[in-house]
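Enquirer:
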Amino acid sequence: MTNTETPKAAFNPEDMTGRPEATIWQKLGSSNTLWVGVILVGLVVAFSVLHPGSFLTLFNIQELFIQLCLLLLLAVGMTFVIITGGIDLSVGTVLIFSGVLSAEVMQSLGGGDATKDGIGIILLGLVISVAAGGLWGLINGWLVAYANVPPLIVTLGSFGAALGVADLITNGNDVRTVPGALRNTVGSGTVVYIPYLVIIVVAITLFFGWLLHTTKFGRYTYAVGSSPEAARRVGIPLKKQLMWVYLLSGLLAGVAGFLSLAYYGTTTIAGHTTDNLSAISGVVLGGTSLFGGSGVLLGTVFGTFIPEVLSSGFVISGVPPFWQPIAVAIVLVAAVWFDQRRRKNRPR
2 MTNTETPKAA FNPEDMTGRP EATIWQKLGS SNTLWVGVIL VGLVVAFSVL
52 HPGSFLTLFN IQELFIQLCL LLLLAVGMTF VIITGGIDLS VGTVLIFSGV
102 LSAEVMQSLG GGDATKDGIG IILLGLVISV AAGGLWGLIN GWLVAYANVP
152 PLIVTLGSFG AALGVADLIT NGNDVRTVPG ALRNTVGSGT VVYIPYLVII
202 VVAITLFFGW LLHTTKFGRY TYAVGSSPEA ARRVGIPLKK QLMWVYLLSG
252 LLAGVAGFLS LAYYGTTTIA GHTTDNLSAI SGVVLGGTSL FGGSGVLLGT
302 VFGTFIPEVL SSGFVISGVP PFWQPIAVAI VLVAAVWFDQ RRRKNRPR
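If you count the sequence shown from 1, position 260 lands on 261 in the numbering used here, and the numbers rise without skipping.
1) Taking buried to mean at least 16 other C-beta atoms within 10 Å of its own C-beta, is Pro152 buried or exposed?
2) Would you mind working out which of Ala76, Thr191, Gly165 sits nearest Leu252, comparing C-alpha positions?
3) Pull the bridge partners of Ile88 from the DSSP assignment, please.
4) Using 8 Å as the threshold, is the segment 301 to 313 in touch with the segment 67 to 87, meaning 3 or more CB pairs across them?
5) Could you name the residues of the same chain whose beta carbon sits closer than 8 Å to that of Leu59, not counting the 5 residues immediately before and after it, in chain order?
6) In the DSSP output, what is Val192 paired with across the bridge?
7) By Cβ distance below 7 Å, which residues in the same chain neighbour Leu74 in space, the five residues on each side in sequence not counted?
8) Going by C-alpha to C-alpha distance, which of Gly272, Val316, Gly296 sits closest to Gly93?
9) Buried or exposed for Phe323, please, with buried defined as at least 16 other CB atoms from any protein chain shown within 10 angstroms of its CB.
10) Quick one: is Gln341 buried, meaning 16 or more other Cβ sit within 10 Å of its Cβ, or exposed?
11) Return the Cβ separation of Gly226 and Gly294 in integer angstroms, given the expectation that the two are a contact with Cβ distance under 8 Å.
12) Among the candidates Glu230, Arg184, Val329, whose CA atom is the shortest distance from the CA of Ile281?
13) Taking the beta carbon of Thr275 as the centre, do at least 16 other beta carbons fall within 10 Å, making it buried, or is it exposed?
14) Spatial neighbours of Ser279 within its chain, please: C-beta separation below 6 Å, excluding the five flanking residues on both sides.
15) Which value, in whole angstroms, describes the spacing of the CA atoms of Thr116 and Gly181?
16) Which residues in the same chain as Trp26 place their Cβ atom closer than 8 Å to its Cβ, once the five residues preceding and following it in sequence are excluded?
17) I'd like the ranges of any alpha helix (DSSP H) spanning at least 4 consecutive residues and lying wholly in the segment 122 to 196.
18) Quick check on DSSP: helix, strand or coil for Leu57?
19) Do the segment 97 to 107 and the segment 160 to 171 meet, that is, are 3 or more Cβ pairs less than 8 Å apart?
20) With DSSP collapsed to three states, give me the class of Ser261.
21) Could you give the C-beta distance for Thr34 and Val297, rounded to a whole number, given that I count them as a contact under 8 Å?
22) Please confirm whether Ser85 and Gln242 have their CB atoms less than 9 Å apart.
23) Helix, strand or coil: which one does DSSP assign to Thr18?
24) With DSSP collapsed to three states, give me the class of Gly314.
25) Contact check, Ser261 vs Gly138 under 8 Å by CB: the rounded distance?
26) Check whether the segment 48 to 65 touches the segment 212 to 228, taking contact to mean three or more Cβ pairs, one atom from each stretch, closer than 8 Å.
27) Using only the alpha-carbon positions, how far apart do Asn4 and Ser130 sit?
28) Taking all protein chains shown into account, do 16 or more other C-beta atoms lie within 10 angstroms of the C-beta of Ile331, making it buried, or fewer, making it exposed?
29) Following the continuous alpha helix (DSSP H) through Val50, name the residue where it begins and the one where it ends.
30) Use the C-beta contact count for Gly1: other C-beta atoms within 10 angstroms, 16 or more gives buried, fewer gives exposed.
31) How far does the alpha helix (DSSP H) with Ile281 in it reach, from first residue to last?
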């Protein structure tokens with residue numbers, strides 16, 4: 002086989018991501034995304050019928066989307082990582098570390114003082130948070146790509162290190178001095194009943210959906226997950242691509258850390274330590290294969306919504322919240338089982 006034939010192996014024909022002419026509808030049809038979307042719609046319809054005056058209220062919808070926002074940012078970055086065949090267990094604590102560093106800098110410059118709540122302090126806090134997340138992403142990416150340490154070990158180490166550094170900076174106490182202007186605009190502001198937080202996250206998600214599904218960067222990401230050796234043979238810079246993907250995951254965790262500050266008005270150190278597992282669950286529920294090489298970002302959106310819809314519906318229905326993780330676990334195991342069956346039965 003010549004090198005000109007090798008690229009066909011590098012791109013999984015099942016999800017057609019290697020073919021530039023493939024449409025988003027073709028990609029959707031070749032993944033678990035459609036049936037996950039059906040499950041999500043079914044849950045919304047069921048809870049709406051059972052509780053028409055409670056579930057589809059403006060307040061509940063706003064709360065549902067706001068609770069989804071931070072987790073969705075982590076899941077977007079996780080989608081890229083898992084498509085390459087990797088994993089990032091550090092996103093939750095990188096979110097915490099980024100928020101802590103940003104809050105400390107803003108506090109030292111007078112954040113929380115009504116006379117000093119200028120846009121400059123807030124923008125600096127954003128830059129600090131994103132840069133802090135990007136730094137962890139670079140560390141993870143370098144260790145995975147160039148030091149050849151397994152992603153599970155690298156990001157498990159970063160999980161503990163990022164949380165430990167955040168605790169050292171704050172002595173284990175939350176920073177509660179966040180600029181009021183940040184809380185009152187990004188944190189709680191709305192446009193035609195749509196929270197600013199939701200608008201920001203939707204815009205970011207759409208951008209990365211475009212990046213994944215229509216650009217060379219996205220095709221390279223799929224190629225690395227489908228067949229690293231074939232990707233290397235056709236000239237794809239494998240190590241650099243992995244670096245970029247883990248950097249992207251860290252940057253989005255940094256953005257999530259800043260938005261968390263805006264919404265909660267504090268660093269919430271103890272509130273995000275399991276976000277990594279929630280993000281991974283959302284990505285896998287959405288049809289992205291843990292084996293790499295396939296996945297659709299719209300599926301991640303659906304998969305991330307399902308636990309939030311279940312949680313909201315169970316609370317309104319008076320069902321004990323302990324049932325929510327059980328229901329999510331059943332759907333998650335089913336998603337992985339379907340993915341394994343699909344891989345086993347696909348043409349070779």
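Even glycine gets a Cβ: it sits at the ideal position worked out from N, Cα and C. Bear in mind that the values here come from a model prediction, so they are computed numbers and not experimental data.
Expert: So, from the data block:
1) Position 151 of the sequence shown, counted from the start, is the residue given in the question as residue 152. Result: buried.
2) For the purposes of this step, residue 252 is identified with residue 251 of the sequence shown, where counting begins at 1. Of Ala76, Thr191, Gly165, the residue nearest in Cα terms is Ala76.
3) Reading the sequence shown from its first residue, position 87 is the one you call residue 88. Bridge partners of Ile88: none, in fact.
4) yes
5) Reading the sequence shown from its first residue, position 58 is the one you call residue 59. Result list for Leu59: Tyr194, in chain order.
6) Numbered from its first residue, the sequence shown carries residue 192 at position 191. BP columns for Val192 point to Ile195.
7) Numbered from its first residue, the sequence shown carries residue 74 at position 73. Within the same chain, Leu74 has close Cβ partners Val202, Ile205, Leu253, Val256, Ala257.
8) Stepping through the sequence shown from its first residue, residue 93 is reached at position 92. Out of Gly272, Val316, Gly296, Gly272 has the C-alpha closest to the C-alpha of Gly93.
9) In the sequence shown, counting from the first residue as 1, residue 323 sits at position 322. Per the 10 Å Cβ criterion, exposed.
10) Here the question's residue 341 lines up with position 340 in the sequence shown. Per the 10 Å Cβ criterion, exposed.
11) If you number the sequence shown from 1, residue 226 lands on position 225. If you number the sequence shown from 1, residue 294 lands on position 293. Between Gly294 and Gly226 the Cβ distance is about 4 Å, and since that is below 8 Å, they are a contact.
12) For the purposes of this step, residue 281 is taken as residue 280 along the sequence shown, with counting starting at 1. Taking only the C-alpha atoms, the option nearest Ile281 is Val329.
13) Taking the first residue of the sequence shown as 1, we reach residue 275 at position 274. By the neighbour-count rule (16 or more Cβ atoms within 10 Å), Thr275 is not buried but exposed.
14) For the purposes of this step, residue 279 is taken as the residue at position 278 of the sequence shown. Once the five neighbours on either side are set aside, the close Cβ partners of Ser279 are Leu72.
15) As a working mapping, residue 116 is identified with position 115 in the sequence shown. As a working mapping, residue 181 is identified with position 180 in the sequence shown. Any answer about Thr116 is weak, because its pLDDT of 47 lies below 50 and its placement is not dependable; what the coordinates show is given next. Whole-angstrom Cα-Cα distance: 10 Å.
16) On the sequence shown, residue 26 is found 25 positions in, with the first residue counted as 1. Reliability fails at Trp26, whose pLDDT of 48 lies under 50, so the model's placement of it is uncertain and no value is given.
17) 152 to 171
18) In the sequence shown, counting from the first residue as 1, residue 57 sits at position 56. Residue state, collapsed to three classes: coil.
19) yes
20) Taking the first residue of the sequence shown as 1, we reach residue 261 at position 260. Looking at Ser261 - three-state DSSP - the assignment turns out to be helix.
21) Your numbering for residue 34 matches position 33 in the sequence shown. Your numbering for residue 297 matches position 296 in the sequence shown. Between Val297 and Thr34 the Cβ distance is about 5 Å, and since that is below 8 Å, they are a contact.
22) Taking the sequence shown and counting its residues from 1, one reaches residue 85 at position 84. Taking the sequence shown and counting its residues from 1, one reaches residue 242 at position 241. Looking at the sequence shown, residue 85 is not Ser but Thr. Their beta carbons are under 9 Å apart, which means Thr85 touches Gln242 by this criterion.
23) On the sequence shown, position 17 is the one that residue 18 refers to. The pLDDT assigned to Thr18 is 41, lower than 50, so where the model puts this residue is not dependable; a value taken from the coordinates is nonetheless given after this. In the structure shown, Thr18 sits in coil (DSSP, three-state: anything other than H, G, I, E or B).
24) For the purposes of this step, residue 314 is identified with residue 313 of the sequence shown, where counting begins at 1. It is helical.
25) Residue numbering aside, residue 261 sits at position 260 when the sequence shown is read from its first letter. Residue numbering aside, residue 138 sits at position 137 when the sequence shown is read from its first letter. Not really, about 17 Å apart at Cβ, beyond 8 Å.
26) no
27) Your numbering for residue 4 matches position 3 in the sequence shown. Your numbering for residue 130 matches position 129 in the sequence shown. Legend: pLDDT at Asn4 = 43, less than 50; position of this residue unreliable, no value from coordinates given.
28) Here residue 331 refers to the residue found at position 330 of the sequence shown. Ile331 is exposed by the Cβ-count criterion.
29) The sequence position of residue 50 within the sequence shown is 49, counting from 1. Unbroken alpha helix (DSSP H) run through Val50: 34 to 51.
30) There is no way to answer for residue 1, as the model of the chain reaches only from 2 to 349.
31) Position 280 of the sequence shown holds residue 281. It spans 276 to 286 - the alpha helix (DSSP H) in which Ile281 sits, taken as one unbroken run.
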